[in-house]
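Trainee: Each protein sequence line maps, in turn, to chains Y and C. Residue numbering for the first sequence follows the working numbering, starting at 9 and increasing by one per position. Residue numbering for the second sequence follows the working numbering, starting at 9 and increasing by one per position. Positions of the beta carbon are idealized from the N, C-alpha and C atoms, including for glycine. Please read these numbers as outputs of a predicted model, since none were measured by experiment. Pasting a structure here, questions to come.
Protein chains: 2
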Amino acid sequence: MSKEITNRSEDYSKWYNDIVKKAELADHSAVRGCMVIKPTGFAIWENMQKQLDKMFKDTGHVNAYFPLFVPKSLFEAEEKNAEGFAKECAVVTHYRLKSNPDDKSKLIVDPNAKLEEELIVRPTSEAIIWNTYRDWINSYRDLPLLINQWANVVRWEMRTRMFLRTAEFLWQEGHTAHATKEEAIEEAKKMQEVYAQFAEEYMAMPVIRGRKSESERFAGADETYTIEALMQDGKALQAGTSHFLGQNFAKAFEVKFTDSDQKEKYVWATSWGVSTRLIGGLIMTHSDDSGLVLPPKLAATQVVIVPIPKPGEEIDEVANNIMAGLKAKGISVKYDQDPKKRPGFKFAEHEMKGIPVRIGIGKRDLEKGVVEVARRDTKEKTSIEVDAVINHVEQLLEDIQNNLFQKALDYRNSHITSVDTFDKFKEVLENKGGFISAHWDGTAETEDEIKKLTKATIRCIPNDAKEEDGKCILSGKPSKCRVLFAKAY
Amino acid sequence: MSKEITNRSEDYSKWYNDIVKKAELADHSAVRGCMVIKPTGFAIWENMQKQLDKMFKDTGHVNAYFPLFVPKSLFEAEEKNAEGFAKECAVVTHYRLKSNPDDKSKLIVDPNAKLEEELIVRPTSEAIIWNTYRDWINSYRDLPLLINQWANVVRWEMRTRMFLRTAEFLWQEGHTAHATKEEAIEEAKKMQEVYAQFAEEYMAMPVIRGRKSESERFAGADETYTIEALMQDGKALQAGTSHFLGQNFAKAFEVKFTDSDQKEKYVWATSWGVSTRLIGGLIMTHSDDSGLVLPPKLAATQVVIVPIPKPGEEIDEVANNIMAGLKAKGISVKYDQDPKKRPGFKFAEHEMKGIPVRIGIGKRDLEKGVVEVARRDTKEKTSIEVDAVINHVEQLLEDIQNNLFQKALDYRNSHITSVDTFDKFKEVLENKGGFISAHWDGTAETEDEIKKLTKATIRCIPNDAKEEDGKCILSGKPSKCRVLFAKAY
Numbered sequence: 009m010s011k012e013i014t015n016r017s018e019d020y021s022k023w024y025n026d027i028v029k030k031a032e033l034a035d036h037s038a039v040r041g042c043m044v045i046k047p048t049g050f051a052i053w054e055n056m057q058k059q060l061d062k063m064f065k066d067t068g069h070v071n072a073y074f075p076l077f078v079p080k081s082l083f084e085a086e087e088k089n090a091e092g093f094a095k096e097c098a099v100v101t102h103y104r105l106k107s108n109p110d111d112k113s114k115l116i117v118d119p120n121a122k123l124e125e126e127l128i129v130r131p132t133s134e135a136i137i138w139n140t141y142r143d144w145i146n147s148y149r150d151l152p153l154l155i156n157q158w159a160n161v162v163r164w165e166m167r168t169r170m171f172l173r174t175a176e177f178l179w180q181e182g183h184t185a186h187a188t189k190e191e192a193i194e195e196a197k198k199m200q201e202v203y204a205q206f207a208e209e210y211m212a213m214p215v216i217r218g219r220k221s222e223s224e225r226f227a228g229a230d231e232t233y234t235i236e237a238l239m240q241d242g243k244a245l246q247a248g249t250s251h252f253l254g255q256n257f258a259k260a261f262e263v264k265f266t267d268s269d270q271k272e273k274y275v276w277a278t279s280w281g282v283s284t285r286l287i288g289g290l291i292m293t294h295s296d297d298s299g300l301v302l303p304p305k306l307a308a309t310q311v312v313i314v315p316i317p318k319p320g321e322e323i324d325e326v327a328n329n330i331m332a333g334l335k336a337k338g339i340s341v342k343y344d345q346d347p348k349k350r351p352g353f354k355f356a357e358h359e360m361k362g363i364p365v366r367i368g369i370g371k372r373d374l375e376k377g378v379v380e381v382a383r384r385d386t387k388e389k390t391s392i393e394v395d396a397v398i399n400h401v402e403q404l405l406e407d408i409q410n411n412l413f414q415k416a417l418d419y420r421n422s423h424i425t426s427v428d429t430f431d432k433f434k435e436v437l438e439n440k441g442g443f444i445s446a447h448w449d450g451t452a453e454t455e456d457e458i459k460k461l462t463k464a465t466i467r468c469i470p471n472d473a474k475e476e477d478g479k480c481i482l483s484g485k486p487s488k489c490r491v492l493f494a495k496a497y
Numbered sequence: 009m010s011k012e013i014t015n016r017s018e019d020y021s022k023w024y025n026d027i028v029k030k031a032e033l034a035d036h037s038a039v040r041g042c043m044v045i046k047p048t049g050f051a052i053w054e055n056m057q058k059q060l061d062k063m064f065k066d067t068g069h070v071n072a073y074f075p076l077f078v079p080k081s082l083f084e085a086e087e088k089n090a091e092g093f094a095k096e097c098a099v100v101t102h103y104r105l106k107s108n109p110d111d112k113s114k115l116i117v118d119p120n121a122k123l124e125e126e127l128i129v130r131p132t133s134e135a136i137i138w139n140t141y142r143d144w145i146n147s148y149r150d151l152p153l154l155i156n157q158w159a160n161v162v163r164w165e166m167r168t169r170m171f172l173r174t175a176e177f178l179w180q181e182g183h184t185a186h187a188t189k190e191e192a193i194e195e196a197k198k199m200q201e202v203y204a205q206f207a208e209e210y211m212a213m214p215v216i217r218g219r220k221s222e223s224e225r226f227a228g229a230d231e232t233y234t235i236e237a238l239m240q241d242g243k244a245l246q247a248g249t250s251h252f253l254g255q256n257f258a259k260a261f262e263v264k265f266t267d268s269d270q271k272e273k274y275v276w277a278t279s280w281g282v283s284t285r286l287i288g289g290l291i292m293t294h295s296d297d298s299g300l301v302l303p304p305k306l307a308a309t310q311v312v313i314v315p316i317p318k319p320g321e322e323i324d325e326v327a328n329n330i331m332a333g334l335k336a337k338g339i340s341v342k343y344d345q346d347p348k349k350r351p352g353f354k355f356a357e358h359e360m361k362g363i364p365v366r367i368g369i370g371k372r373d374l375e376k377g378v379v380e381v382a383r384r385d386t387k388e389k390t391s392i393e394v395d396a397v398i399n400h401v402e403q404l405l406e407d408i409q410n411n412l413f414q415k416a417l418d419y420r421n422s423h424i425t426s427v428d429t430f431d432k433f434k435e436v437l438e439n440k441g442g443f444i445s446a447h448w449d450g451t452a453e454t455e456d457e458i459k460k461l462t463k464a465t466i467r468c469i470p471n472d473a474k475e476e477d478g479k480c481i482l483s484g485k486p487s488k489c490r491v492l493f494a495k496a497y
C-alpha cells in the first residue's frame, strides 16, 4: 500500500486502473481481453448476485442453465431479424488436441477432429434459449415462462477495460415468454425498474430510466429500456438493459402456442441483463483519490477493527466484544490482528479497499472509555464510547449508504444541462461533460451525424421526458421532446 | 404425468432417463453432448451450491473467477508433468464470423480472423490458475492461498449421459497453495471430508472415503482422495475428488516463494471439485419407480399442499394457516391451487418430482379436524389433526432425511462383499454387484488386467482399510490390504 494511486484530476483512466489493481479487484490474464476477478472483486459480485437473485425470484422468476455453445446455424436463424448483431465472437472449430509428432512436448490441433458445424461461445443466449423454448411452449398454460440464467459470455472486443469491457464477462440474462404483447412490455418495464432499484438502493448509484433510440437498441428488440448512470468524469455508463423483443425471436425459432381461444399464436418475448460491468460503475461512482469507496450494502467487509498496540497491552477483549455485537446485528466485521503490519499501513490498506467503517482501538483511548470510529466516505473520525459503538456503527453504515447516494445524485443532477444550440452542445460536452438534454429530430441520420461530430450518443429518451415543442439542435427540424446525450463508456 | 416411467428392474438406464425427463430436471440441447438444466433440476444445484459454498467459506476459502479460455501453450507447460491429461476439448481457433458472400443469409467463419494461438475451453483450470498464482505468490506471507471457483467446464465426451457425463458441466474447483507439504496434504484431506459430510448429511448419500490407485489418480496429482457412492444398480459413482498435487504445478509454472528462513521454495498445491454429476448421484441413490425422491435438505419445495375440492367448498383458510406456520419454521411450501388439474393428477405429478411431503386437505377430513399427510419416501399416509400439522411435518422432514440415508446405507453396506478368489470376484460382480473388497498386488498391470477382464476398476483404497496379509485375487502375489473394486459410472 506504500505506492499511491494517480489522482482523478491528473488521469482519470489511470486512476481507475490503479484502483482496480491496488484494491485487488481484478488482474490481467494470459488470455487477451480476459481478466481474472480476484477474491476482493468477486466478493462484490457475489453480493450483487445475491441481492439481484432475490429480486428476480421475488418477481416470479426461476433460474436455469443453457449450453455455453450455440451452433452456427442457430445464429443464421436469428440473423434474419438481427442483421446488426455483432459477429466478433469465439468460434470453436475442433474438439481435440494431439501431441505434435515432430515434438512430443508440443500440442497441435488434431485436423481429424474438425466439427461438422462450428460452435460459437455464447455472446448472449437468445438463440439457444429460443430454440429450446420451442419444445417447452405448447399451450397458454405454459405461459408466462420466466427464466433467468447466471452465466459467462464472450464477445471478442478489440479494446478492453477491466470490468467495463472484457472479452469474457459474467452476467445474468433473463429470457421470458408471454401470451400477449402487453404482458411482455409490462415485464420488460418491470425488470428495468428492478435494475433501477438495485442500482439506487444497493449500489447507491442514481440512474436515469429511459428507452433507447432505434439505432442504440439491441438488435432484435422492438424496444430497449435502459438505466443510465453518470460517472465522475462526466461520462455516462449504460448499467442495465431490458428488451421487449416483440415476436422476433418467436418467429425466427417458430415458437407458437395454442391460446385459450384455441388459436395458434406466436409468443411475445423479453430479455434483460446486467453484468460485472456494474462493478466498474460502482468503482467510478464513489471512489476517490485514496482508493475504493464501497456502499455498505455491497461491501463484503463492512467494518474493520484495528488494534493500536503498545507493548504488553491487551485490547483483544474489547475488540471481540464489539465484533460479537456487530455480528449479532448482521454486520460483517474483520479484526485485523496481523502483527507484521503497523496500524498506519493497515489504515491505508483498508482505505484503499474501501471498507466503509474502521474502528481503531488504542490503549490511551480505552483509558478514556472510547474507541475511534472512522468513516471511509468522508474520512471523518469520531471518538465513541465503547458501550455506544454497536448502535453508532449500525447507524453510521446507513448514513454512509445514504450519503454516497445523495452525493452521487447531486453530482448527477448538476450535470444534466439543457441546451438549444449545437454550439452550446459542443461547448458543454467539451468543458463540463455529463448528460445534455437537447431536442433531436428523431432520425438515425442526425443521431449518427452528432455522434461523428462529437462522439456523443443518445443515452436515452427518459421515461419522464415532458412533451415540449422544440427544434433539433443539429437539423433544426421540429422535435416533440428532449433526449439525453452524453459521451459514454 | 399420465405416462408412467420404466421400472428399475426392467431397464435401469431407461428408468434414469425417464426420471430426468418426467421430473423436468434436464433436457437435451441443440449442441451435441450438452444439456439444458431445467428450473426444477437447477433448483437442486442451487441448494447444493448454497450449502457447499457455506462449507468452503467456513473452512477459510474465498471465491474468485478465472478465464474460460486457456492458451494452448499453458497446456504444454502442464503436459510435461501431466502426460495423461485428456486432450478431448473444445478448441477456439477464430474470433469472427462474417456473412457468406455467396448467400447473405448464411454465416461463415472469417478466415482473416484466425487466432495466433488457439484457445482451449477450460476442461479444468489448474493451468490458467497456476500461471496466475506465479504473480500472486512471493512470500510465505502470501500463503496459504485458499481459492475456490464456481464455473462451467468442457470435456469432449463421446458418450454422454444427463448429469453423469456431459460435454459441458457446472462445477466448483478449489485451488490452494501452501508453504509445506504437510499443510497441503491436510487441506486435501479436509476437503475430502467436507465433501463426505455434504454427501451424507445433505444428499443422504453414504460414501466411502478413500484414495485412488496410481492409475486412477488425476494426472498431475501425487495423491487423489475420493468419495465413492453406490447406486441402486450396484454400480459405484465417484462423487468428488480432492487432489494433493505436490509441487508438480508449482514446478511447471515456476511458482516459488521466499520462506521465513529466507530460502526460495516451490509451493505445495491441492485442487478439489464436485460437479452437477452429484445430481445424477442424488437421483440414482433415492428415487423409485414412481419418480424422483429428494432428501428434504436439498428439495427446493419441501411440502406441497393440495386441496381436494368439492363444489362450494372453502379450504383455503386452513391451507394458508398451514403455509404460514411452515414458512415461519423455514420450511419451503407450495399451495397447488391450479383448478385445471384434478387432485389425482397433482398427486402423481408431485410424486414424480420428489416433493418430500404432501398435505391433502379435503372437506370430509376437515369435518373430523384432520388433514392427510403423505411422505414421499415410504408413501405412507397419516391423518393428522390440523393443530398438530406444523410440528408433525417439521419432524417428518427430519425423519425422511434420516430414513433416506439409513436406507441407502443399509443397501450400500449389504453390497460390500469380501472375496478371496478371482472366480468368486467375477461371480459377485456379475450377480450381485456393489463394492468388492479384495486383495490386489499393488501393480498397475494387474489392475489393468482385472479391468479388461471384468470392467471393474479399483474405486479406492479405503481410509479405514485394515492391514491384513493376503494374496492378490488375480496374480496371487502378496498384498497388505484389501481395496474396493466395482463397476462404475
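For chain Y, find out if any of its Cβ atoms is closer than 8 Å to the Cβ of Y103 of chain C; answer yes or no.
Mentor: For the purposes of this step, residue 103 of chain C is taken as residue 95 along the second sequence, with counting starting at 1. It does; some Cβ of chain Y falls within 8 Å.
Trainee: Could you spell out the range, first to last residue, of the alpha helix (DSSP H) harbouring N160 of chain C?
Mentor: The residue given as residue 160 of chain C occupies position 152 in the second sequence. Looking at the DSSP string, N160 of chain C is not in any alpha helix (DSSP H); the run it does join, the beta strand (DSSP E), is L153 to V162.
Trainee: Using 8 Å as the limit for Cβ to Cβ distance, is K1 of chain Y near chain C?
Mentor: With chain Y covering 9 to 497 only, the question about residue 1 of chain Y has no answer from this structure.
Trainee: Going by the CB atoms, is the gap between V202 of chain Y and M63 of chain Y shorter than 8 Å?
Mentor: Position 55 of the first sequence, counting from 1, holds the residue named residue 63 of chain Y. Position 194 of the first sequence, counting from 1, holds the residue named residue 202 of chain Y. In contact: M63 of chain Y and V202 of chain Y (Cβ atoms closer than 8 Å).
Trainee: When you compare the CB positions of L154 of chain Y and H69 of chain Y, do they come within less than 8 Å of one another, or not?
Mentor: Locating residue 154 of chain Y in the first sequence gives position 146, counting from the first residue. Locating residue 69 of chain Y in the first sequence gives position 61, counting from the first residue. Yes; because the gap between Cβ atoms is below 8 Å, this pair is in contact.
Trainee: Can you give, in chain order, each stretch of the beta strand (DSSP E) that sits fully within the region 59-133 of chain C and has at least 3 residues?
Mentor: Those beta strand (DSSP E) runs which fall completely within the region 59-133 of chain C and span 3+ residues are 77-79, 99-108, 111-117 and 122-129.
Trainee: By how many angstroms is the C-alpha of D143 of chain C removed from the C-alpha of V78 of chain C?
Mentor: The count along the second sequence starts at 1 and reaches residue 78 of chain C at position 70. The count along the second sequence starts at 1 and reaches residue 143 of chain C at position 135. Cα to Cα, the separation comes out at about 17 Å.
Trainee: Strictly below 7 Å CB to CB, what residues from chain C border Y210 of chain Y?
Mentor: If you number the first sequence from 1, residue 210 of chain Y lands on position 202. In chain order: nothing, as chain C lies at least about 19 Å away.
Trainee: When burial is assigned at 16 or more other CB atoms within 10 Å of the CB, is A192 of chain Y buried or exposed?
Mentor: On the first sequence, position 184 is the one that residue 192 of chain Y refers to. It counts as buried.
Trainee: Does the beta-carbon distance from L76 of chain Y to Y103 of chain Y come in below 8 Å?
Mentor: For the purposes of this step, residue 76 of chain Y is taken as the residue at position 68 of the first sequence. For the purposes of this step, residue 103 of chain Y is taken as the residue at position 95 of the first sequence. No, the Cβ-Cβ distance between L76 of chain Y and Y103 of chain Y is not below 8 Å.
Trainee: For my contact list, L482 of chain C and F430 of chain C are in at a C-beta cut-off of 8 Å; report their separation, rounded to the angstrom.
Mentor: Locating residue 482 of chain C in the second sequence gives position 474, counting from the first residue. Locating residue 430 of chain C in the second sequence gives position 422, counting from the first residue. Right, their Cβ atoms sit about 5 Å apart.
Trainee: Rounded to whole angstroms, what's the CA-CA distance from A5 of chain C to W280 of chain C? Just pull it up for me.
Mentor: Here chain C has residues from 9 to 497 only, and residue 5 of chain C is not among them.
Trainee: Count Cβ pairs between the region 307-321 of chain Y and the region 218-234 of chain Y that sit closer than 8 Å; are there 3 or more?
Mentor: The region 307-321 of chain Y, when compared against the region 218-234 of chain Y, does not touch it at the 8 Å Cβ threshold.
Trainee: Give the interface partners of E54 of chain Y over in chain C, defined as CB-CB distance under 8 Å, in chain order.
Mentor: Stepping through the first sequence from its first residue, residue 54 of chain Y is reached at position 46. Chain C residues near E54 of chain Y: N71.
Trainee: Report the rounded CA-to-CA distance for K305 of chain C versus Y24 of chain C, giving the unit in angstroms.
Mentor: Position 297 of the second sequence, counted from the start, is the residue given in the question as residue 305 of chain C. Position 16 of the second sequence, counted from the start, is the residue given in the question as residue 24 of chain C. Each residue's alpha carbon lies about 22 Å from the other.
Trainee: Strictly by DSSP, which residues pair up with T249 of chain C?
Mentor: Residue 249 of chain C sits at position 241 when you count from the first residue of the second sequence. Paired residues: C:T234 and C:G281.
Trainee: At the level of alpha carbons, what is the spacing between N89 of chain C and N139 of chain C?
Mentor: Residue 89 of chain C sits at position 81 when you count from the first residue of the second sequence. Residue 139 of chain C sits at position 131 when you count from the first residue of the second sequence. Legend: pLDDT at N89 of chain C = 49, less than 50; position of this residue unreliable, no value from coordinates given.
Trainee: Got a sec: is the Cβ-Cβ distance from L178 of chain C to anything in chain Y below 8 Å?
Mentor: Working through the second sequence from its first residue, we reach residue 178 of chain C at position 170. Closer than 8 Å: yes.
Trainee: If you measure beta-carbon to beta-carbon, which residues of the region 328-343 of chain C are closer than 8 Å to chain Y?
Mentor: Cβ contacts with chain Y come from no residue of the region 328-343 of chain C.
Trainee: Reducing DSSP to helix, strand and coil, say where R366 of chain C ends up.
Mentor: Here the question's residue 366 of chain C lines up with position 358 in the second sequence. Here R366 of chain C sits in strand by DSSP.
Trainee: How would you label K95 of chain Y, buried or exposed, when you count the other beta carbons within 10 angstroms and need 16 or more for buried?
Mentor: Within the first sequence, residue 95 of chain Y is the residue found at index 87, counting from 1. By the neighbour-count rule (16 or more Cβ atoms within 10 Å), K95 of chain Y is buried.
Trainee: Who are the near neighbours of D267 of chain Y in its chain, counting only those whose CB is closer than 7 Å to its CB and skipping five residues on each side?
Mentor: Numbered from 1 along the first sequence, position 259 holds the residue referred to as residue 267 of chain Y. Closer than 7 Å at the Cβ level, and outside the excluded window around D267 of chain Y, lie Y148, A187 and K273.
Trainee: Express the C-alpha separation of E134 of chain C and G368 of chain Y in angstroms, rounding to a whole number.
Mentor: Locating residue 368 of chain Y in the first sequence gives position 360, where the first residue counts as 1. Locating residue 134 of chain C in the second sequence gives position 126, where the first residue counts as 1. Spanning the two alpha carbons is a distance of roughly 40 Å.
Trainee: Whose Cβ in chain Y lies nearer than 9 Å to the Cβ of K264 of chain C?
Mentor: By 1-based counting over the second sequence, the position of residue 264 of chain C is 256. Neighbours of K264 of chain C on chain Y: none; closest Cβ ~18 Å, over 9 Å.
Trainee: Report the rounded CA-to-CA distance for D26 of chain C versus T232 of chain Y, giving the unit in angstroms.
Mentor: Position 18 of the second sequence, counted from the first residue, corresponds to residue 26 of chain C. Position 224 of the first sequence, counted from the first residue, corresponds to residue 232 of chain Y. Cα-Cα distance, rounded: 41 Å.
Trainee: The alpha helix (DSSP H) with R16 of chain Y in it runs from where to where?
Mentor: Position 8 of the first sequence holds residue 16 of chain Y. Premise fails: R16 of chain Y is in no alpha helix (DSSP H) and is neither H nor E.
Trainee: At the level of alpha carbons, what is the spacing between D19 of chain C and H251 of chain Y?
Mentor: Locating residue 19 of chain C in the second sequence gives position 11, counting from the first residue. Locating residue 251 of chain Y in the first sequence gives position 243, counting from the first residue. Their backbone Cα atoms lie some 46 Å apart in a straight line.
Trainee: Quick one: give me the first and last residue of the beta strand (DSSP E) that Q180 of chain Y is part of.
Mentor: Residue numbering aside, residue 180 of chain Y sits at position 172 when the first sequence is read from its first letter. Unbroken beta strand (DSSP E) run through Q180 of chain Y: E176 to H186.
Trainee: Suppose contacts are defined by Cβ-Cβ distances below 8 Å. Is D241 of chain C in contact with G441 of chain C by that definition?
Mentor: Position 233 of the second sequence, counting from 1, holds the residue named residue 241 of chain C. Position 433 of the second sequence, counting from 1, holds the residue named residue 441 of chain C. Yes, these two residues count as a Cβ contact at 8 Å.
Trainee: When we look at the beta-carbon of T386 of chain C and count the other beta-carbons within 10 Å, is it buried (16 or more) or exposed?
Mentor: The residue labelled residue 386 of chain C in the question sits at position 378 within the second sequence. By the neighbour-count rule (16 or more Cβ atoms within 10 Å), T386 of chain C is not buried but exposed.
Trainee: I need the straight-line Cα distance from G49 of chain C to I287 of chain C, nearest angstrom please.
Mentor: On the second sequence, position 41 is the one that residue 49 of chain C refers to. On the second sequence, position 279 is the one that residue 287 of chain C refers to. Using only the alpha carbons, I get a separation of about 8 Å.
Trainee: Which bits of chain Y does R149 of chain C rub up against, with CB to CB less than 8 Å?
Mentor: Along the second sequence, read from residue 1 onward, the residue named residue 149 of chain C stands at position 141. Going along chain Y in sequence order, the residues near R149 of chain C (Cβ under 8 Å) are K348.
Trainee: Measure how close the beta-carbons of Q224 of chain Y and G299 of chain Y come, nearest whole angstrom, since I'm counting them as under 8 Å.
Mentor: The residue labelled residue 224 of chain Y in the question sits at position 216 within the first sequence. The residue labelled residue 299 of chain Y in the question sits at position 291 within the first sequence. In the sequence under discussion, the amino acid at residue 224 of chain Y is Glu, which differs from the Gln named in the question. In fact, because the Cβ distance is near 34 Å, the residues do not count as touching under 8 Å.
Trainee: Would A212 of chain C and F413 of chain C qualify as a contact pair, given that the criterion is a beta-carbon distance under 8 Å?
Mentor: By one-based count along the second sequence, residue 212 of chain C stands at place 204. By one-based count along the second sequence, residue 413 of chain C stands at place 405. It is a contact, given that the beta carbons lie within the stated cut-off.
Trainee: Can you name the start and end residues of the alpha helix (DSSP H) that G333 of chain Y belongs to?
Mentor: Locating residue 333 of chain Y in the first sequence gives position 325, counting from the first residue. From DSSP, the alpha helix (DSSP H) with G333 of chain Y extends over D324 to A336.
Trainee: Please confirm whether M9 of chain Y has its beta-carbon closer than 8 Å to some beta-carbon of chain C.
Mentor: Sequence index remark: in the first sequence, residue 9 of chain Y carries index 1 (1-based). Because the pLDDT at M9 of chain Y is just 45, under 50, the model does not fix this residue reliably, and the point stays unresolved.
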